[in-house]
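Protein chains: 2
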Amino acid sequence: MSAEAIKASVRDADATRGKILQVAFEEILLKGYQGLRVDGVLQKTSLTKGAFYHHFSSKKELGHAVIDEVLKPWIDQRWILPLQHIERPIDDLIAMLKDARDEISANELHTGCPLNNLTQEMSPLDESFRTRIADIWQEWHQALASTLQRGVEQGHIKPDVVPNNVARFLIAAMEGIIGQCKCYMNDKAFYEAGVCLQDYLESLRLEK
Amino acid sequence: MSAEAIKASVRDADATRGKILQVAFEEILLKGYQGLRVDGVLQKTSLTKGAFYHHFSSKKELGHAVIDEVLKPWIDQRWILPLQHIERPIDDLIAMLKDARDEISANELHTGCPLNNLTQEMSPLDESFRTRIADIWQEWHQALASTLQRGVEQGHIKPDVVPNNVARFLIAAMEGIIGQCKCYMNDKAFYEAGVCLQDYLESLRLEK
DNA sequence: TTAATAACAAACCAACTAGTCTGTCAACAA
DNA sequence: TTGTTGACAGACTAGTTGGTTTGTTATTAA
Numbered sequence: 001m002s003a004e005a006i007k008a009s010v011r012d013a014d015a016t017r018g019k020i021l022q023v024a025f026e027e028i029l030l031k032g033y034q035g036l037r038v039d040g041v042l043q044k045t046s047l048t049k050g051a052f053y054h055h056f057s058s059k060k061e062l063g064h065a066v067i068d069e070v071l072k073p074w075i076d077q078r079w080i081l082p083l084q085h086i087e088r089p090i091d092d093l094i095a096m097l098k099d100a101r102d103e104i105s106a107n108e109l110h111t112g113c114p115l116n117n118l119t120q121e122m123s124p125l126d127e128s129f130r131t132r133i134a135d136i137w138q139e140w141h142q143a144l145a146s147t148l149q150r151g152v153e154q155g156h157i158k159p160d161v162v163p164n165n166v167a168r169f170l171i172a173a174m175e176g177i178i179g180q181c182k183c184y185m186n187d188k189a190f191y192e193a194g195v196c197l198q199d200y201l202e203s204l205r206l207e208k
Numbered sequence: 209m210s211a212e213a214i215k216a217s218v219r220d221a222d223a224t225r226g227k228i229l230q231v232a233f234e235e236i237l238l239k240g241y242q243g244l245r246v247d248g249v250l251q252k253t254s255l256t257k258g259a260f261y262h263h264f265s266s267k268k269e270l271g272h273a274v275i276d277e278v279l280k281p282w283i284d285q286r287w288i289l290p291l292q293h294i295e296r297p298i299d300d301l302i303a304m305l306k307d308a309r310d311e312i313s314a315n316e317l318h319t320g321c322p323l324n325n326l327t328q329e330m331s332p333l334d335e336s337f338r339t340r341i342a343d344i345w346q347e348w349h350q351a352l353a354s355t356l357q358r359g360v361e362q363g364h365i366k367p368d369v370v371p372n373n374v375a376r377f378l379i380a381a382m383e384g385i386i387g388q389c390k391c392y393m394n395d396k397a398f399y400e401a402g403v404c405l406q407d408y409l410e411s412l413r414l415e416k
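Chains R and E supply the protein sequences, listed in that same order. Be aware that the first sequence starts at 1, since it is given in the numbering used here, and climbs by one per residue. Be aware that the second sequence starts at 209, since it is given in the numbering used here, and climbs by one per residue.
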């Protein structure tokens, strides 16, 4: 064990804060923000009230930090950045959806999409949550619409396709499918609806 | 005021139970089951603990009753029964979606779909809720798949359409769209994605 | 070396919340 | 008329929960 590691294991503010954020994120994923318990996070991190309220002034601030520092970066990394490297939109989007399907089938089948969970729970309850969440959706939508727009310009997608509309529809359909699976015990609905989503994507393709 | 009405206003067990169920349903719609407070229901109904625990043994039992006696009948009436009278599936489904869009735009834009809200919140948390909810989705899916199947048999829908898959996709897409709108302050996303959903439905039509 | 401060530990508190308990009153049967 | 029971009223309780306070120790700047 290095000297830094030993030192870090004694007192490391960033690590402590990060541990709280990570556990809180997982708890919110399972139980929602309202179901999240500060004491529960402390138990799972082996920390105390003193540590928690040193880093966060309230449960609400923790919620905001989870969105800003865990959820948003994850969405950026996992869903938005890959869109920017897409060259053949239809094929690549279908591949992305299949990746996502397999990943979600394996890990998140019963937990659903963390962003959508928070949206459904918190949007009507708290304006400070809603705006943060809406910004992330908007960013995602923008990125997808731009990718589709490029696809149209480069002749991969039919010219009458409206990227703005299709981007809204694709995100909504995907989240809808994930949401449906949360109440079934298997991923059957995932595959069944997935076939249609793929068909829809194919219908946008401009044949050459 | 009639004698019955006076009598009813003094003591009417069914009315009392119904009032609790209705208010609880509205509270769950806004705040979720976890955000629902028994005391809050009592305040809004001007009832007391005695009344509540005379009719329900626990908050959980209230939750079950809301699903069984309010939510399920509403879904049946609003979404499932109309499917059985459909003769020209594509046109009628598009009309249904437009009806729904206008209704939801007016009333439920920020509250979302009560069934989907409960699904997202409670499925991972409580098995007794999950199974009740899954049964309702399954019933809805069955009814929609049957309608599509009839459409195929009667030559309104392309013969290569798989009703089972399309039914899953349509429900998921619709719920996804409604869910997206919860975090925006307007129904723009509703209309934008709706155009694509309509296009998709049109693509299923068998031209004659 | 030392003073100041950041990073915690942990006891404590006030408000809240589901659920209990005892009692009251209306309705209906005998 | 009266006894029984269903339908409540409302005070009370035990446990929970977010948040506070006081104290302690590691870290770092001077």
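Built from N, CA and C at the ideal position, the CB exists for glycine as well.
Supposed contact pair residue j and residue i - C-beta distance, whole angstroms, cut 8 Å
i, j, result
"E/P297", "E/G359", "4 Å"
"R/Q120", "E/N325", "6 Å"
"E/I288", "E/E347", "6 Å"
"E/Q388", "R/W137", "7 Å"
"R/Q34", "E/Q285", "Actually they do not touch by this definition, with Cβ atoms about 30 Å apart."
"E/L414", "E/I365", "6 Å"
Paired residues, beta bridge with residue i - DSSP
i, result
"E/I365", "E/R413"
Nearest to residue i (by Cα), restricted to the options the options
i, options, result
"E/D307", "E/G402, E/L412, E/R413", "E/G402"
"E/F377", "E/Y408, E/I365, E/Y399", "E/Y408"
"R/M174", "R/E127, R/L97, R/S46", "R/L97"
"R/S58", "R/D76, R/A167, R/E69, R/R37", "R/R37"
"R/R17", "R/V66, R/Q142, R/V161, R/Q34", "R/V66"
"E/E410", "E/H349, E/V369, E/E316", "E/V369"
"R/D135", "R/K72, R/A167, R/K188, R/K208", "R/K72"
"R/L62", "R/A95, R/F25, R/D91", "R/F25"
"R/H215", "R/H141, R/Q198, R/I133, R/V166", "Residue 215 of chain R lies beyond the range of chain R shown here (1 to 208); nothing can be said about it."
"R/A167", "E/N373, E/E400, E/K416", "E/E400"
Neighbourhood of residue i by C-beta distance below 6 Å, restricted to the same chain and skipping five residues each side
i, result
"E/L237", "T319, P322"
"R/P163", "A145, L148, Q149"
"R/C196", "none"
CA-to-CA distance, residue j to residue i, given in whole angstroms
i, j, result
"E/L412", "R/L148", "23 Å"
"R/K44", "R/V23", "7 Å"
"E/D310", "R/I20", "43 Å"
"R/A3", "R/D12", "Unreliable placement is indicated for R/A3, whose pLDDT of 33 sits below 50; the coordinate value is still reported in the next sentence. The straight-line gap from Cα to Cα measures roughly 13 Å."
"R/K60", "R/T131", "14 Å"
"E/Y261", "E/L255", "11 Å"
"E/M330", "R/E69", "26 Å"
"E/M209", "E/F337", "Bear in mind that the predicted position of E/M209 carries a pLDDT of just 32, short of 50, making it too unreliable to give a figure here."
"R/C183", "E/L333", "10 Å"
"R/K31", "E/L250", "26 Å"
"R/E108", "E/G258", "42 Å"
"E/D335", "E/A380", "Reading the sequence as shown, one finds Glu at residue 335 of chain E and not Asp. E/E335 and E/A380: Cα-Cα distance of roughly 22 Å."
"R/Q198", "E/K396", "25 Å"
"E/D299", "E/E361", "16 Å"
"R/A95", "R/K208", "21 Å"
"R/P159", "E/P367", "28 Å"
"R/N165", "E/N373", "23 Å"
Residues near residue i in its chain [Cβ-Cβ closer than 7 Å; skip 5 each side]
i, result
"R/F190", "R101, S105, I177, C181"
"E/L291", "A351, L352, T355"
"R/E27", "L36, G40, V41"
"R/H141", "A167, R168, I171"
"R/V10", "none"
Cβ shell of residue i (< 8 Å), same chain only, five flanking positions each side left out
i, result
"R/H55", "A13, T16, R17, I20"
Proximity test, residue i beta-carbon vs the ligand SAM heavy atom, cut-off 7 Å
i, result
"R/L83", "Of ligands this structure carries none, so the ligand SAM is not represented either."
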